[in-house]
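Trainee: Take this structure, written in structure tokens, and hold onto it; I'll ask about it next.
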């Protein structure tokens, strides 16, 4: 059994990699690509070209958005993998992971303008790793700022250079030399030897030389930053196995693009809400469905059975969105009943409430935190429950009927066991097994259902987070969400299989 | 599923038949096919028959909605200053799209061909579905070409086509001919004459329809009212004189049965001024009834087509997994597991949300839903094929040296496809629910009336709730999903009485 569970857990890893890769590629190949909303936002807020360049530099350095999509995905895998290679990362004061600055690309067609590509000069900065903490932190922060400035400078002059190359290509009539934005295409231009005598060349020369100079500046700033990084201003992540080569550290889900918060914080806030709603819903489903199914099975063929059968299939066909809208409209909206809250998980006054009903500090009566939460959860749970309930009842009925015709039931009846005992102790126990397997089908459906329900009732759960991450094309948040949902789903399915083996001694996994 | 004898012989219950007579073929009832038998059993069930009735209503509106609900007049008589009729036109017919034309001509023709034949119905239905796919392919390709031509600065052939009026004839006929040529290589449905008949008529119809609608005029509803008011035209409208996309910003959220008049005006003094919104209007001031009718087509087609795609992919993958087993099975099943690792709706939300607004058409939605829901069919087929592959008839087919295609799809598939087809009914219901949910979340096809989109406008950010925007579309979704589920249940019971398990 243990080895079976371990094997299943091991098989989960490729599945998780597969599903995150699928979702990642869906977003990466979509129009706009990763971080599309974010880049647009940064451009919208900062009107100056330099501001845009600064924002872009920050994004590229932080999230590696300039890399090709597969590289980005492999980097993400490296970050969530517990085994890391290379220098250990640092953990900043806010819990954010700080990495060694990554290399960046040289300007295109630099060989047209310079004999050698500029190389980084040795850093003049020197910080001993045993100097006081304040000094190291201060040095690092300054180096970080200077590096960001230098990168922004480089990116803006790079854009100017590309534009210049595009103009050059147009003026020289080089077919396909400029793309739709008017920027030069190096892959095409490199086939045409530069004409240094032409007037266009002198126009192009200026931005190109500036780009090369800024490239040099950014390289130097990066060198300084690496020195400051190596002085370890903050504590280091994880444990070293082979110093400088291999280390073990906690998986890092990264920082969200849009709010700059660590993803793990957001997940910690939202996942429990979704799990709570599902955890409330499941016992309710099983508690209602099993007696319902048993009732229908024992009265097989009667009017009650027919009515219940129709009810089950009608409930099963009832779309969750419709149920949500009707519940909000007729039960929560003030136009009609108005008995339930329309949205959210707590009322505004909830933080000041005590746990249980009673008078608060100000002497006024309040229903208390628990009752308030339950009251807010009524409608979402109701919408989540009825579909699973219908499936499970039908299944329970079918399983009971299968067993009714079994030989051992006839034997039990023949030897005079009371009908009640036949149903409860013989038939029901044996009908439980398919109900456990039904968990496998109900659980993913309920997870999906809760995405929709959270959206309808504005419940701050994983569903809300997922919709937000997709709208923002937020790579870190989306991948983390996919990972969490898939892990929860796969673990639940594994749990169902284990329960199945526990309930039925005939089932053995090995 | 053990292979079922293709023909079941039944004696007439009224007279005694001797063995000799039986051998001579006397007293033997006309044999039905396996599926025809199952279908007859489905029809004896009252809920399933009612469900079929509802689906026929939806299908009727899916085909004829453009003729029943349109803001364009059926007949428009242009008048001169003295009030004499100068010209009579039909804007409704001028504004029809290619799909409308094909459906309204093709569906009755197909029905007239399929229904009268008792024995041959299934294969004729198959042939018509094949013809429908051909026509859809032509419409899609032509609309893609049109899209390329209408970009701002076309170059080369696109520019040439734009400048020449004859493009409306050349392009559709060329594409129809290409599709017709390609369809010759598709495995036959029925004999060669029938295949030719179906393919040629589908391509002719689609080519003609796309040619006629090549330069479709832009819709402008407001001019009719203005012209009517000035006495320049006399217009006769259809039963429901609204198009689904016809917006009146001042007439939003009107309750059902609101008749224009006193306070609410639309071209006072014209016959149109007293028109009624039977089921009210939505948040954008569009008629609800018209949207409901036009959305029938989206719902019906998205259910059928996406499930068709899913079954096609799923059966192929499942057949390969089940037949080969071993390494192929191991690897392909990992793919199935990846798709099952997260709830389906989650994947579909991601896939739909990453698309641009312009890219979210009905066709891409069908493709997306189809490409993500194939795992069910794959698992059923795999399980069946794993059982079948060791059976004698498969072994002998292998020993004879039949090609793989023949073993998989001619010998094994007919014996293993039953669970997939029974499940397809539930899959269609699921696809309709998914479409409604995606539309509700604002991720459905853009510029297309949809029940889910209507439903989402029932509640507003200000907390208002309009019951008619929830009840009518909600009921339409519910009844359609319920119908498919009821038919699925009945079909499952008819095919395998022992298989009573509820499936999702």
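Chains as they are written, first to last, in my numbering: chain A, 1 to 510; chain B, 1 to 504. By construction, the Cβ of each residue, glycine as well, lies at the ideal position given by its N, Cα and C atoms.
(1) Secondary structure at residue 365(A), three-state DSSP: helix, strand or coil?
(2) Give the residues of chain B in contact with residue 448(A), contact being defined as C-beta atoms less than 8 Å apart.
(3) Taking the alpha carbon of residue 197(B) as the reference point, which residue from 110(B), 169(B) and 148(B) has its own alpha carbon closest?
(4) Would a check of beta-carbon distances place residue 42(B) closer than 8 Å to chain A?
(5) Can you pull the chain A residues whose beta carbon is under 7 Å from the beta carbon of residue 356(B), in chain order?
(6) Would you decide whether residue 124(A) is buried or exposed? Buried here means 16 or more other CB atoms lie within 10 Å of its CB.
(7) Between which two residues does the beta strand (DSSP E) containing residue 84(A) stretch?
(8) So within the region 297-337 of chain B, which uninterrupted alpha helix (DSSP H) runs reach at least 4 residues, ignoring any that extend past its ends?
(9) Using a C-beta to C-beta distance shorter than 9 Å, which residues of chain A count as neighbours of residue 482(B)?
(10) Taking only beta-carbon atoms, is residue 18(A) less than 8 Å away from chain B?
(11) Check each candidate in 246(A), 233(A) and 410(A) and name the one with the smallest Cα separation from residue 128(A).
(12) Grab the span of the alpha helix (DSSP H) containing residue 146(A) for me, first residue to last.
(13) Per the DSSP calculation, residue 488(B) is bridged to which residue(s)?
(14) Is the CB-CB distance between residue 531(A) and residue 331(A) below 8 Å?
(15) So, helix, strand or coil for residue 381(B), using DSSP?
(16) Quick one: what does DSSP say residue 579(A) is sitting in, helix, strand or coil?
(17) Report all residues from its chain with a CB closer than 8 Å to the CB of residue 362(B); omit the five preceding and five following residues, and keep chain order.
(18) What alpha helix (DSSP H) runs, 4 residues minimum, are completely inside the region 364-423 of chain B?
(19) Compare the C-beta of residue 431(A) with all C-beta atoms of chain B and state if any pair is closer than 8 Å.
(20) Between residue 428(B) and residue 371(B), which are expected to be in contact by the criterion C-beta below 8 Å, what is the C-beta distance as a whole number of angstroms?
(21) Quick check: is the beta carbon of residue 333(A) nearer than 8 Å to any beta carbon in chain B?
(22) Under 7 Å, CB to CB, which of the residues in the region 450-462 of chain A have a partner in chain B?
(23) Pick from 83(A), 340(A) and 73(A): whose alpha carbon is nearest that of residue 18(A)?
(24) Using a C-beta to C-beta distance shorter than 9 Å, which residues of chain A count as neighbours of residue 334(B)?
(25) Distance check for residue 429(A) and residue 504(A), CA to CA, integer angstroms please.
(26) Measuring only between beta-carbons, confirm whether residue 464(A) sits less than 8 Å from chain B.
(27) Note down, in chain order, each residue of its chain lying with its Cβ closer than 6 Å to the Cβ of residue 7(A), except the 5 sequence neighbours on either side.
(28) Taking residue 259(B) as the reference, which of 50(B), 74(B) and 276(B) has the closest Cα?
(29) Three-state secondary structure (DSSP) at residue 76(B)?
(30) Suppose you measure from the CA of residue 472(B) to the CA of residue 450(B); what does that come to, to the nearest Å?
(31) Only counting the same chain, and skipping five residues up and downstream in sequence, which positions put a Cβ closer than 8 Å to that of residue 295(A)?
(32) Under a CB-based cut-off of 8 Å, is residue 465(B) close to chain A?
(33) Where does the unbroken beta strand (DSSP E) through residue 85(B) begin, and where does it stop?
(34) Excluding the five sequence neighbours on either side, which residues of its own chain have a C-beta within less than 7 Å of the C-beta of residue 97(A), listed in chain order?
(35) From 151(A), 59(A) and 412(A), pick the residue whose C-alpha is nearest to that of residue 223(A); which is it?
Mentor: For this structure:
(1) strand
(2) 343, 344, 345 and 346
(3) 110(B)
(4) no
(5) 31
(6) exposed
(7) 83-85
(8) none
(9) 313, 314, 316, 317 and 318
(10) yes
(11) 233(A)
(12) 133-171
(13) Beta-bridge pairing links residue 488(B) to no other residue.
(14) This structure leaves residue 531(A) out entirely; chain A is present only between 1 and 510.
(15) helix
(16) Missing from the structure shown is residue 579(A); chain A here goes from 1 to 510 and no further.
(17) 298, 301, 302, 445 and 448
(18) 375-388, 392-400 and 413-416
(19) no
(20) Not confirmed; about 16 Å, so no contact.
(21) yes
(22) 451, 452 and 455
(23) 73(A)
(24) 11, 14, 15 and 18
(25) 10 Å
(26) no
(27) none
(28) 276(B)
(29) strand
(30) 12 Å
(31) 304 and 308
(32) yes
(33) 85-89
(34) 89, 91, 237 and 252
(35) 151(A)
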